[in-house]
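Accompanying notes for the structure given below.
Numbering (the numbering used here), first residue to last: 6 to 216.
Below, the structure written as structure tokens:
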């Protein structure tokens with residue numbers, strides 16, 4: 006299904022009627038456009054006089070040193086390479102909306118998470134949580150389910166994901182051998198796991214259009 010960002014914002018505002026804090030989960034495979042949608046929805050809500058902030062799951066990547074100790078560095082980005090407990094604790098704190106919460110963000114150029122890099126104020130109405138595994142129907146990810154008020158799944162065609170991911174790794178300067186591993190040894194298998202193993206979303210998109 007294709008929707009405009011404006012149409013998605015209409016649905017969000019309808020569902021959030023009367024809510025002081027409303028958490029939206031935007032999930033999907035690597036390269037689906039989750040961050041792009043979150044940023045576009047943030048801008049659309051701002052244009053309508055609403056406050057929102059993006060809460061990226063990528064900020065909860067385990068440190069490379071821990072991944073190396075566990076033999077998971079080459080699988081960075083798989084479900085097992087995230088601090089799910091840390092993310093769950095943050096979303097739970099954000100859900101309470103009784104104080105400022107500082108959240109980490111991921112610096113892809115340096116491949117590290119930066120702690121306490123984004124504040125979420127208690128008066129911010131909409132929280133746009135975005136990440137690959139927010140709807141994954143596997144423990145411990147399933148513990149996130151009751152924390153979300155609305156769920157969106159973005160799932161473009163395989164060929165679209167493949168090309169977007171290739172361009173991503175070219176942009177970050179990887180050689181062809183490294184790109185092949187990233188694509189077929191990690192990103193696309195993770196994407197298949199997400200597409201086949203996620204819970205149904207309230208809104209499912211193949212494509213979203215910006216105004």
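We put the CB at the ideal spot given by N, CA and C, even for glycine.
Model, not experiment: these values are computed from the prediction.
Requested in this report: Whole angstroms is fine: what's the gap from residue 67's alpha carbon to residue 76's?
Outcome: Just so you know, the alpha carbons of residue 67 and residue 76 end up roughly 12 Å apart.
Query raised in the report: So which of 137, 156 and 144 has the shortest CA-CA distance to residue 193?
Result: When only C-alpha atoms are compared, the closest one is 137.
Query raised in the report: Taking Cβ positions, are residue 82 and residue 201 nearer each other than 9 Å?
Result: No. Outside cutoff.
Query raised in the report: Buried or exposed: residue 49, going by 16 or more other Cβ atoms within 10 Å of its Cβ?
Result: Taking every protein chain shown into account, the CB of residue 49 has 16 or more other CB atoms within 10 angstroms, so this residue is buried.
Query - Rounded straight-line distance, which links the Cα of residue 58 to that of residue 27 - result: When rounded, the separation of the alpha-carbon atoms in residue 27 and residue 58 is 11 Å.
Query raised in the report: Which residues mark the beginning and the end of the beta strand (DSSP E) in which residue 57 is found?
Result: In the DSSP assignment, residue 57 falls within the beta strand (DSSP E) that extends over 57-61.
Query raised in the report: Secondary structure at residue 140, three-state DSSP: helix, strand or coil?
Result: Residue 140: coil per DSSP, three-state reduction.
Report task. Kindly indicate which residue of 12, 36, 162 and 187 has the alpha-carbon position closest to the one of residue 78. Result -> Residue 78 has its Cα closest to that of 187, out of 12, 36, 162 and 187.
Requested in this report: Please confirm whether residue 206 and residue 152 have their CB atoms less than 9 Å apart.
Outcome: No, the Cβ-Cβ distance between residue 206 and residue 152 is not below 9 Å.
Query raised in the report: Closest by CA to residue 10, which one among 51, 165, 190 and 203?
Result: Selected option, being the one with the closest Cα: 51.
Requested in this report: Could you name the residues of the same chain whose beta carbon sits closer than 8 Å to that of residue 170, not counting the 5 residues immediately before and after it, in chain order?
Outcome: For residue 170, the CB contacts under 8 Å within the same chain, skipping 5 residues up- and downstream, are 35, 36, 187, 188, 192 and 193 in chain order.
Query raised in the report: Is DSSP giving residue 153 helix, strand or coil here?
Result: The answer is coil: DSSP assigns residue 153 none of H, G, I, E or B.
Query raised in the report: Thinking just about the alpha-carbon of each residue, which of 31, 44, 87 and 190 is nearest to the one in residue 154?
Result: Restricting attention to 31, 44, 87 and 190, the CA atom closest to the CA of residue 154 is found in 31.
Query raised in the report: For the beta strand (DSSP E) that contains residue 109, what are its first and last residues?
Result: For residue 109, the enclosing beta strand (DSSP E) has its first and last residue at 106-112.
Requested in this report: Indicate the three-state DSSP secondary structure (helix, strand or coil) for residue 147 in the structure shown.
Outcome: Residue 147 sits in a helix when the DSSP states are folded into three classes.
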